[in-house]
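Following: one structure in structure tokens, then a few remarks.
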Amino acid sequence: MESVIVAIDGPSGTGKSSTSKAVAAELGLSYLDTGAQYRAITWWMISNGIDTTDAAAIASASGKPVIESGTDPAAPTITVDGADASGPIRTQEVTAKVSAVSAVPEVRSRITELQRSIAAAAEKGIVVEGRDIGTTVLPDADLKIFLTASPEARAARRSGELKGKEAADLATTREALIKRDAADSSRKTSPLAKADDAVEVDTSDLTLAQVIECVVTLVEEKR
Ligand code: C5P
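Take the sequence shown: its position 146, counting from 1, is numbered 146 in full-length UniProt numbering, and each next residue is one higher.
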């Protein structure tokens, strides 16, 4: 079976993570959540008292944390300086600050390099999900998918993912999503964008199983 590189981009709440993990598992490929890496570096900045609105401070600290991603789609991991960061990177504080940190060019070049080396090491191939994978990180990917969904569908999905005391109402979630997407789409360095050669899939009215089936079929056509 030939190695295949799949880039899955799109805004938050479009089903990127669930789809990417399931497709990778079904096809025996590795999986990389690049949003988790940007969240991890953001969490490290917060934990180390770095002002996340100070781009110069972020740039000069960007090389310090050691970020490692485990690429098994059944149990993806993320560590910072050897410690499990999978819980802390999902807090609302990290979510609110990640767009500012990930807009800093030094952060992007460092994380992009890490992503490329992980993709190159994946012998059987990999599904990489993010915002700029098809346009910037892996422009030669065998298949590029751009997932979209209406703001309502995205907010409903994200609200469902938030648990316990962090659970937000739909309107607040919708507002936060729109704000984060606007920041991600308008930054200067590798913004959230659809690659010219990406296949766009609107997931608003599709079940997760239907999206997975659609992407698996597209990958199989490329193999
Ligand atoms: O995918 P997730 O919502 O966890 O991503 C968190 C944030 O990380 C995004 O809002 C964006 O600011 C940043 N990100 C990025 N480029 C990527 C993946 C994520 O800038 N390839």
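Glycine residues also receive a C-beta, built at the ideal position from the N, C-alpha and C atoms.
Owing to the predicted nature of the structure, the values given are computational and were not obtained by experimental measurement.
Item: Between the CA atoms of Gly15 and Lys165 - distance to the nearest angstrom; Value: In this predicted model, Lys165 has a pLDDT of only 46, less than 50, meaning its place in the structure is not dependable; the value taken from the coordinates is given anyway. Taking the straight line joining both Cα atoms gives about 23 Å.
Item: The beta strand (DSSP E) enclosing Leu143, as first and last residue numbers; Value: 143–148
Item: Continuous alpha helix (DSSP H) assignments of at least 4 residues falling wholly in the stretch 82–126; Value: 92–102, 105–121
Item: First through last residue of the beta strand (DSSP E) which encompasses Gly70; Value: 67–70
Item: As assigned by DSSP and simplified to three states, the class of Ala156; Value: helix
Item: Simplified DSSP state of Ile5, which is helix, strand or coil; Value: strand
Item: Beta bridge counterpart(s) of Gly130 as assigned by DSSP; Value: Asp9
Item: Contact test: Val98 Cβ vs ligand 1 heavy atom, cutoff 8 Å; Value: yes
Item: Euclidean distance between Cα positions of Ser3 and Gly49; Value: 42 Å
Item: Where Leu192 falls: helix, strand or coil (DSSP); Value: coil
Item: Closest residue to Val80 among Ala183, Ile67, Gly87, Asp181 (Cα-Cα distance); Value: Ile67
Item: Minimum C-alpha distance to Gly125 - residue among Tyr31, Asp184, Arg157, Ser86; Value: Tyr31
Item: Segments assigned alpha helix (DSSP H), at least 4 residues, entirely inside the stretch 8–39; Value: 16–27
Item: Assigned secondary structure, Thr207 (DSSP; H/G/I helix, E/B strand, else coil); Value: coil
Item: Cβ-heavy atom distance, Tyr31 to ligand 1, below 8 Å; Value: no
Item: Exposure of Ala121, with buried meaning 16 or more beta-carbon neighbours within 10 Å; Value: exposed
Item: Any non-hydrogen atom of ligand 1 within 8 Å of Lys144 CB; Value: no
Item: Run of the beta strand (DSSP E) containing Thr79, from where it starts to where it stops; Value: 77–80
Item: Under 9 Å between C-beta atoms of Ile5 and Val201; Value: no
Item: Integer-rounded CB distance, given that Val137 should sit under 8 Å from Val41; Value: Here residue 41 is Ile; the residue named in the question, Val, does not match the sequence. With a Cβ gap of about 15 Å, Ile41 and Val137 do not count as contacting.
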